[in-house]
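Enquirer: Quick note on numbering: the sequence shown equals residues 1 to 230 in our numbering. All C-beta atoms, glycine included, are put in the ideal place defined by N, C-alpha and C.
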Amino acid sequence: MKLKELHKKLLELQDIEYRGYQSAMLPMIGKERNIGIRSAAIINLAKQFFDDKSKAEFLNQLPHKYFEEDLIHVWIIKGMKDYDECLRAVKNFLPYVDNWAVCDSLIPKIFAQHTDKLIGEIRNWLDSDSTYTVRFAILMLMKFYLNEHYDKKYLQMVVNVQSDAYYIEMAAAWFFVEALIKHYDDTITFLQERLIYPKIHTKTIQKAVESTRVSDDRKEYLKTLRRGYY
1 MKLKELHKKL
11 LELQDIEYRG
21 YQSAMLPMIG
31 KERNIGIRSA
41 AIINLAKQFF
51 DDKSKAEFLN
61 QLPHKYFEED
71 LIHVWIIKGM
81 KDYDECLRAV
91 KNFLPYVDNW
101 AVCDSLIPKI
111 FAQHTDKLIG
121 EIRNWLDSDS
131 TYTVRFAILM
141 LMKFYLNEHY
151 DKKYLQMVVN
161 VQSDAYYIEM
171 AAAWFFVEAL
181 IKHYDDTITF
191 LQERLIYPKI
201 HTKTIQKAVE
211 STRVSDDRKE
221 YLKTLRRGYY
């Protein structure tokens, strides 16, 4: 696959104003990696540019030069219909994920059909030293294990995460708010008993109080659990 041709086409889609906005939202990636292209334009280009052979070649050309190439990489992975192939692609890509936008976009649909196999991989990812690998693992639990596959043990898996990394804290808090909404009685006990890592505990209550999906009476009770934590 000719990367020069791809880069040329990406640069032709550049929106300077959007690049400024995007750079402000993603300070963790260097501005030189950010072209500034809206998602719809990236996807349209990817659909036109890649055939099956060039997709396979592109997935092996890591790390990518541009943030937008990472988004194309995500788009290709999300379209995979074979679980084992998709899992291999995710494992190869995760070490190169360096921002929340790419991490949060990486939700392969095929994973929903293989939650029995996926949970072992999630346990391994939760033990990673990489911020975005851990965040990815938490988001997989939130996406695939708080509905029909729910078990209280999945809450404990996230409780066991103790990290001062901001993007892990925020993902864990997001997870616990979703868990409060869907499984209140189980989740509230972790807050009542102060079992969640302090910063994540605080952010969970903050996010729950801000949520329109949490009832007013529960918000008032959650506020009482902020007091005297430290």
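Looking at L146 and F178, is the spacing between their C-beta atoms short of 8 Å?
Expert: As a first step, residue 178 must be located in the sequence shown, where it is residue number 178. As a first step, residue 146 must be located in the sequence shown, where it is residue number 146. Contrary to the premise, residue 178 reads as Glu rather than Phe in this sequence. Against a cut-off of 8 Å, the Cβ pair of L146 and E178 comes out as a contact.
Enquirer: According to DSSP, is V161 helix, strand or coil?
Expert: The count along the sequence shown starts at 1 and reaches residue 161 at position 161. In the structure shown, V161 sits in coil (DSSP, three-state: anything other than H, G, I, E or B).
Enquirer: Between the stretch 16-30 and the stretch 42-58, are three or more C-beta pairs nearer than 8 Å?
Expert: Cβ pair count under 8 Å is below three, so no.
Enquirer: Kindly indicate the opening and closing residues of the alpha helix (DSSP H) around M80.
Expert: Along the sequence shown, one-based indexing puts residue 80 at 80. Counting along the chain, M80 falls outside any alpha helix (DSSP H), and DSSP gives it neither H nor E.
Enquirer: Between Y229 and the rest of its own chain, which residues show a CB-CB distance below 6 Å, the 5 nearest in sequence each way excluded?
Expert: By 1-based counting over the sequence shown, the position of residue 229 is 229. Residue confidence for Y229 is low, a pLDDT of 49 falling below 50, so the modelled location carries little weight; the figure read from the coordinates is stated next. Nothing meets the Cβ criterion.
Enquirer: Near T131, what residues of its chain come up, given a Cβ to Cβ distance below 7 Å and the 5 sequence neighbours on each side ignored?
Expert: Here residue 131 corresponds to residue number 131 of the sequence shown, with the count starting at 1. Closer than 7 Å at the Cβ level, and outside the excluded window around T131, lie A165, Y167 and I168.
Enquirer: Do L225 and Q192 have their beta-carbon atoms positioned less than 8 Å apart in this structure?
Expert: Reading the sequence shown from its first residue, position 192 is the one you call residue 192. Reading the sequence shown from its first residue, position 225 is the one you call residue 225. Closer than 8 Å, so yes.
Enquirer: Once the 5 residues before and after M28 are set aside, which same chain residues still bring their CB inside 7 Å of it?
Expert: In the sequence shown, residue 28 corresponds to position 28, counting from 1. The residues are D98 and N99.
Enquirer: What would DSSP say about S23, mapped onto helix, strand or coil?
Expert: Residue mapping note: residue 23 aligns to position 23 of the sequence shown, counting from 1. Note: S23 maps to helix in three-state DSSP.
Enquirer: Quick check: the stretch 100-110 against the stretch 73-82, are at least 3 beta-carbon pairs closer than 8 Å?
Expert: As far as the Cβ criterion goes, the stretch 73-82 touches the stretch 100-110, which means the pair count is three or higher.
Enquirer: Hey, Y66 and R33 are a contact pair by Cβ (cut 8 Å); roughly how many whole angstroms apart?
Expert: In the sequence shown, residue 66 corresponds to position 66, counting from 1. In the sequence shown, residue 33 corresponds to position 33, counting from 1. Rounded, the Cβ-Cβ distance is 6 Å, consistent with contact.
Enquirer: Roughly how many whole angstroms lie between the Cα atoms of L11 and A101?
Expert: Counted from its first residue, the sequence shown places residue 11 at position 11. Counted from its first residue, the sequence shown places residue 101 at position 101. Near 20 Å, if we compare the C-alpha coordinates of A101 and L11.
Enquirer: Cα separation between K8 and R135?
Expert: Within the sequence shown, the letter at position 8 stands for residue 8. Within the sequence shown, the letter at position 135 stands for residue 135. Using only the alpha carbons, I get a separation of about 32 Å.
Enquirer: Within 10 Å of its beta-carbon, does D129 have 16 or more other beta-carbons around it, so buried, or fewer, so exposed?
Expert: The residue labelled residue 129 in the question sits at position 129 within the sequence shown. So D129 counts as exposed.
Enquirer: For E220, report the span of its alpha helix (DSSP H) as first-last.
Expert: In the sequence shown, the residue the question calls residue 220 occupies position 220. Note, E220: alpha helix (DSSP H), D216 to T224.
Enquirer: Put Y230 into one of helix, strand or coil per three-state DSSP.
Expert: Counting from one through the sequence shown, the residue named residue 230 turns up at place 230. For Y230, the predicted model reports a pLDDT of 46, less than 50, meaning its position is unreliable; a value from the coordinates is still stated below. It is coil, neither helix nor strand.
Enquirer: Any C-beta of chain D sitting closer than 8 Å to the C-beta of E85?
Expert: Going by chain labels, chain D is absent from the structure shown, which holds only one protein chain.
Enquirer: Secondary structure at M28, three-state DSSP: helix, strand or coil?
Expert: The residue given as residue 28 occupies position 28 in the sequence shown. It is coil, neither helix nor strand.
Enquirer: When you compare each of K219, L59 and H114 to Y83 by their alpha carbons, which one comes out closest?
Expert: By 1-based counting over the sequence shown, the position of residue 83 is 83. Comparing Cα-Cα distances from Y83 to each of K219, L59 and H114, the minimum goes to H114.
Enquirer: Looking only at its own chain, which residues have a Cβ that is under 6 Å from the Cβ of L13, when we skip the five neighbours before and after it?
Expert: Numbered from 1 along the sequence shown, position 13 holds the residue referred to as residue 13. Answer for L13: I37 and A41, listed in chain order.
Enquirer: Give the secondary structure of F93 by DSSP, where H, G and I count as helix, E and B as strand, and everything else as coil.
Expert: To locate residue 93, count along the sequence shown from 1; it is residue 93. DSSP places F93 in helix when its eight states are reduced to three.
Enquirer: Which residues in the same chain have their Cβ closer than 7 Å to the Cβ of W125, if we skip the five residues on either side of it in sequence?
Expert: The residue you call residue 125 lines up with position 125 of the sequence shown. Once the five neighbours on either side are set aside, the close Cβ partners of W125 are T133, V134, F136 and A137.
Enquirer: L118: buried (16+ other C-beta within 10 angstroms of its C-beta) or exposed?
Expert: Walking along the sequence shown from the start, residue 118 turns up at place 118. Buried is the call here.
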